[in-house]
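**Q** Here the working numbering is used: position 44 in the sequence shown is 58, and no number is missing along the way. Here a beta-carbon is modelled for each residue, glycine too, at the ideal position from N, C-alpha and C. Note that the structure is a prediction, hence the values are computed from the model and not measured. Quick one: the structure is below, and I'll ask about it shortly.
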Amino acid sequence: MRTVHDHNPAGLPRYLAVALLARLAEEGMGVAAVLLALARTGSAAQGAFVLTAWMAPHVLAAPLVGAAAGRTRRPRLFHVTALGGFAAAIAALAVLTGRAPALLTLAVALIGGSCGPVVSGGLSGLIAALVPEGPARDRAYALDAAVYNAASVAGPAAVAALAGIWSPGPAMALLAGVAAVAAGLAPGLFRPHPRPGTRTAGTAHAPDAPEVPGSTAHAPDAPRPGPTAGLAALVRVRELRAITAATCLAFLGIGGLTTTTVLLAAHRGSPGSGGVLMTAFATGALAGSLAVAHWRPRLSSQLVATLALLGTGAALGAAALLPVPAAVAALFVVAGLCDGPLLTATLRIRADHAPAPVRAQVFTLGAGLKITAAACGAALTGLAATLPPPALLLGIAALQIAAALLHTLLLRVRVRARAPVRRPQPFL
């Protein structure tokens, strides 16, 4: 059986371009929404509400979006429509925020946010169709993680720079344009597969039905998984259950890291250095992802995830105890270096252990749960903001170490019923 990769050798570079552009828009939205509301209304409140409406659907819509991605007979149309709707919602918010009735603005944010699971997790589920199994696919997941981290650095920075030079409205409109380019490039990720019995790559069985993991387009009589099948796999499959629980616990802490670093910097007499620390963390994460892609450590994905969580927790804990600014910045870089491989390992574990019919659901739901955990962590940090900032950072570090222990513990817990999966490969 041929795969998309057989017909599309340039699939990975195109995929990385699509993913980077879409995630740049996603990461930039947080800054753009607040700055635009502040510029037009004099208050950041509406921007905060828009951002909440934008992020809320990630966990609520993720099972439905994942199920739709796995069940669709026209995956090209599905992904282009989702990315196009994502871009259109950003463009509409650039016009409506601070000008239109709040309910209309929030409704548009909810619609656009419902396309978010395709950007945050759904795109990663396509890698198994674009790259053959083995070291090349391992490297592809590491590069995908690097794309996540690069977008988290560049997206907010680009919006802040453009808003300062120009204004927040055009900055958000540019995000819409970037997302629209991603939607325009997306059709090239999908190539038709040949009719049974033919060898010609140009002979298509169905013009819009590539062999995408999780898609039933090439097996019309196969049973289609329901919208809760992905959640069932996350609960039933030991490796998926362990990494999902561990990363959600870790992101409960990471979600409050931005607020905590700002408070920590002010507490130590450098109120403007909070952003520097977060940039150091994000830059370290990008470097860690690229390092994994380049050097390919021969460790299991589970061990990499555990070590990454331990390393992140240890570095953040040390940063909470050391008062020297240069040392703290260096420790945030180290924490990021450890966090980067965690995402790579997470993506690889999902790909290795998710049953093929629900792989799209597993990717979208896993990402949605992490985002929700991060949002809860941000809220909890806000409630606990009166505590000493070093204590808050120690709490975040403790959650990373607890997540590593939880991951190890859950890997030892077996369940009776378990979906058959292919034998996992070494991490890289």
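Is the beta carbon of residue 269 sitting closer than 8 Å to the one on residue 72?
**A** No; because the gap between Cβ atoms is not below 8 Å, this pair is not in contact.
**Q** Starting from residue 271, trace the alpha helix (DSSP H) in both directions and tell me its first and last residue.
**A** Per DSSP, residue 271 belongs to the alpha helix (DSSP H) from 271-281.
**Q** CB-CB under 7 Å to residue 403, same chain, minus the five flanking residues each way: which ones, in chain order?
**A** Hits under 7 Å: 274, 277, 278 and 281.
**Q** Since residue 342 contacts residue 333 with CB under 8 Å, what's their CB separation in whole angstroms?
**A** Their Cβ separation, rounded to whole angstroms, is 5 Å, which keeps residue 342 and residue 333 in contact under 8 Å.
**Q** Roughly how many angstroms lie between the CA atoms of residue 447 and residue 247, to the nearest whole one?
**A** Any answer about residue 447 is impossible in this case: the structure gives the chain only from 15 up to 442.
**Q** Could you have a look at residue 188 and say whether DSSP puts it in helix, strand or coil?
**A** Note: residue 188 maps to helix in three-state DSSP.
**Q** Secondary structure at residue 68, three-state DSSP: helix, strand or coil?
**A** Residue 68: helix per DSSP, three-state reduction.
**Q** Following the continuous alpha helix (DSSP H) through residue 360, name the residue where it begins and the one where it ends.
**A** Taken as a continuous stretch (DSSP letters only), the alpha helix (DSSP H) holding residue 360 covers 339-367.
**Q** Quick check: residue 265 and residue 392, are their CB atoms within less than 8 Å of each other?
**A** No, the pair does not count as a contact, with Cβ atoms beyond the cut-off.
**Q** Among the residues of its own chain, which have a CB less than 7 Å from the CB of residue 320, if the five just before and after it don't count?
**A** If we look at residue 320 and ignore the five residues flanking it on each side, its Cβ neighbours are 418, 421 and 422.
**Q** Can you tell me where the alpha helix (DSSP H) holding residue 128 begins and where it ends?
**A** Counting along the chain, the alpha helix (DSSP H) containing residue 128 begins and ends at 116-128.
**Q** Going straight from the alpha carbon of residue 151 to that of residue 385, what length do you get?
**A** One C-alpha to the other measures close to 25 Å.
**Q** Alpha carbon to alpha carbon, what distance is there between residue 59 and residue 255?
**A** Whole-angstrom Cα-Cα distance: 37 Å.
**Q** Hey, how far is the Cα of residue 28 from the Cα of residue 405?
**A** Roughly 44 Å separates the two Cα atoms.
**Q** Could you give the distance in angstroms between the alpha-carbon of residue 169 and the alpha-carbon of residue 44?
**A** Distance between the alpha carbons of residue 169 and residue 44 is about 9 Å.
**Q** For my contact list, residue 375 and residue 244 are in at a C-beta cut-off of 8 Å; report their separation, rounded to the angstrom.
**A** Yes, they are in contact, since the Cβ atoms of residue 375 and residue 244 sit about 2 Å apart, within 8 Å.
**Q** Between the region 91-107 and the region 153-164, are three or more C-beta pairs nearer than 8 Å?
**A** The region 91-107, when compared against the region 153-164, does not touch it at the 8 Å Cβ threshold.
**Q** Take residue 161 and list the residues in its own chain whose beta-carbon comes closer than 7 Å to its own, dropping the five residues that flank it on each side.
**A** For residue 161, where only same-chain residues beyond five positions count, the Cβ hits under 7 Å are 30, 33, 34 and 37.
**Q** DSSP three-state label for residue 134, please.
**A** Helix, per DSSP.
**Q** Counting C-beta neighbours from all protein chains within 10 Å, is the total for residue 415 16 or more, i.e. buried, or is it exposed?
**A** Looking at its Cβ environment, which holds 16 or more other Cβ atoms inside 10 Å, residue 415 is buried.
**Q** Would you give the residue range spanned by the alpha helix (DSSP H) that residue 41 belongs to?
**A** Start and end: 25-55.
**Q** Using a 10 Å radius around the Cβ and a threshold of 16 neighbouring Cβ atoms, would you call residue 118 buried or exposed?
**A** Per the 10 Å Cβ criterion, exposed.
**Q** Starting from the C-beta of residue 352, find all residues in its chain whose C-beta is less than 6 Å away, skip the five residues before and the five after it, and write them out in chain order.
**A** 322, 325 and 326, listed in sequence order.
**Q** Classify residue 400 as helix, strand or coil using the three-state DSSP reduction.
**A** In this structure, residue 400 counts as coil in the three-state DSSP scheme.
**Q** Is residue 151 helix, strand or coil by DSSP?
**A** Looking at residue 151 - three-state DSSP - the assignment turns out to be helix.
**Q** Kindly indicate the opening and closing residues of the alpha helix (DSSP H) around residue 89.
**A** Here the alpha helix (DSSP H) through residue 89 covers 89-110.
**Q** Select from 174, 113, 109 and 125 the residue whose C-alpha is nearest the C-alpha of residue 41.
**A** Measuring from the Cα of residue 41, the nearest candidate turns out to be 174.
**Q** Which value, in whole angstroms, describes the spacing of the CA atoms of residue 86 and residue 50?
**A** Straight-line Cα distance between these residues: approximately 37 Å.
**Q** Could you tell me the distance, in whole angstroms, from the CA atom of residue 92 to the CA atom of residue 163?
**A** Their Cα atoms are separated by approximately 26 Å.
**Q** If distances are taken between C-alpha atoms only, which option among 350, 144, 128 and 80 comes closest to residue 204?
**A** It is 144.
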